[in-house]
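Heads up: the sequence shown begins at 1 in the UniProt record's numbering, then just goes up one per residue. Quick reminder that beta carbons are idealized off the backbone N, C-alpha and C, glycines included.
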Amino acid sequence: MGTNSKAEEWDGFYTARNAFGKAYPELVEFLKQIDPKNSLLDLGAGQGRDTFVAHQLGFDVTAVDISKEGIRQIKEAGIKGVVEDLFHYQFDQQYQVVLLDAVIHCQPEDQEKEKQLFATIEKNLVEEGYLLLLTHQWDMREKYLQDLFEKYHPTLALQFNTYIEHIFIPPQSEEESIMELSFMCFQKLKNQ
C-alpha cells in the first residue's frame with residue numbers, strides 16, 4: 001500500500017466512476033423481494049454501487065465507508081453517507097437490512113473485530129431483518145462464518161448461501177477481472 005493510508009488508497013481508486021462495476025444481479029433481485037422496504041445500512045459502501053440500487057428500490061439507505069471520495073459521490077446523489085471505518089461506526093437506529101459486500105475477510109488478524117461487529121449488527125437488526133454478507137470465496141470462509149453464527153449468533157439464521165461470479169473492468173485496466181463470491185443471507189429470528 002505504500003505510504004498512503006488505506007482511506008487515501010480507496011479515495012484514489014474511487015476517482016473512477018463505477019470502479020467495481022454494477023451491483024450483483026443476485027443482490028438486486030433479493031432486495032426487490034423485500035416488502036415493505038425500510039432502512040438499509042451499507043457498511044463498507046465504497047462509492048455506492050449497492051447503495052444506489054437499494055435507494056432506487058425504495059430503501060432509506062445509510063452508507064458508511066472510510067473513503068471520503070466514495071462517500072462524496074454517495075452524498076452527491078442525496079443519500080446519507082458517513083465517513084467512518086465500518087468497525088467503528090456507531091449505530092444510531094435499528095435496520096431492516098445490513099449489507100456487508102466484500103469487506104469481511106475472516107483473516108486471523110480481523111476475526112475479533114469482525115465478531116464484535118456481528119454482535120453489534122445482531123443487536124441493531126430489526127426482528128426478521130436481514131444481514132447480507134458477500135465474501136470472497138476461499139479459505140473455508142463459508143464454513144467458518146456458518147459455524148461462527150451458529151455458535152455466537154443463533155438468532156441470525158442462515159437462509160441461503162449462493163455463489164456469485166462478478167466480472168468487471170477495474171480502473172486503469174483493459175482486462176476483465178473476476179471476483180468469486182459467496183452471497184450469504186442471515187435473517188434475525190422473531191423473539192419467542
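Residue closest to residue i, alpha-carbon to alpha-carbon, out of the options
| i | options | result |
| --- | --- | --- |
| Y130 | Y24, E84, E9 and D35 | D35 |
| E9 | L117, I66 and Q94 | I66 |
| D60 | H88, Y89, V97 and H153 | V97 |
| K115 | E150, A23, Q187 and A7 | E150 |
| L57 | E76, V64 and A23 | A23 |
| L125 | Y163, M140, Q93 and K143 | Q93 |
| S182 | R141, C106, R17 and D147 | R141 |
| F160 | E174, Q187 and E176 | Q187 |
| E76 | D110, S5, K6 and R17 | R17 |
| L148 | K32, C106 and T162 | C106 |
Those residues which DSSP pairs with residue i across a bridge
| i | result |
| --- | --- |
| H55 | DSSP lists no partner for H55. |
| T135 | S182 |
| I164 | L181 |
| Q187 | Y130 and A157 |
| T15 | Per DSSP, none; premise fails for T15. |
Cβ pair residue i, residue j closer than 9 Å
| i | j | result |
| --- | --- | --- |
| K80 | T62 | yes |
| L145 | M184 | yes |
| H88 | F118 | no |
| I74 | F52 | yes |
| L189 | E127 | yes |
| T155 | E122 | yes |
Residue interval of the alpha helix (DSSP H) (run including residue i)
| i | result |
| --- | --- |
| G70 | K68 to E76 |
| E142 | R141 to Y152 |
| L117 | Q111 to K123 |
Run of the beta strand (DSSP E) containing residue i, from where it starts to where it stops
| i | result |
| --- | --- |
| I28 | Before going further, note that residue 28 is Val rather than Ile in the sequence given. Looking at the DSSP string, V28 is not in any beta strand (DSSP E); the run it does join, the alpha helix (DSSP H), is P25 to Q33. |
| K80 | K80 to V83 |
| D42 | S39 to L43 |
| Q96 | Y95 to D101 |
| D60 | D60 to D65 |
Take every Cβ of the region 75-92, pair it with every Cβ of the region 25-35, and state whether three or more of those distances are shorter than 8 Å.
These segments do not touch.
Count the C-beta pairs between the region 132-142 and the region 90-103 that are closer than 8 Å, then say yes if the count reaches three, no if not.
yes
Any chance the region 69-80 sits against the region 41-49, with 3 or more Cβ pairs inside 8 Å?
yes
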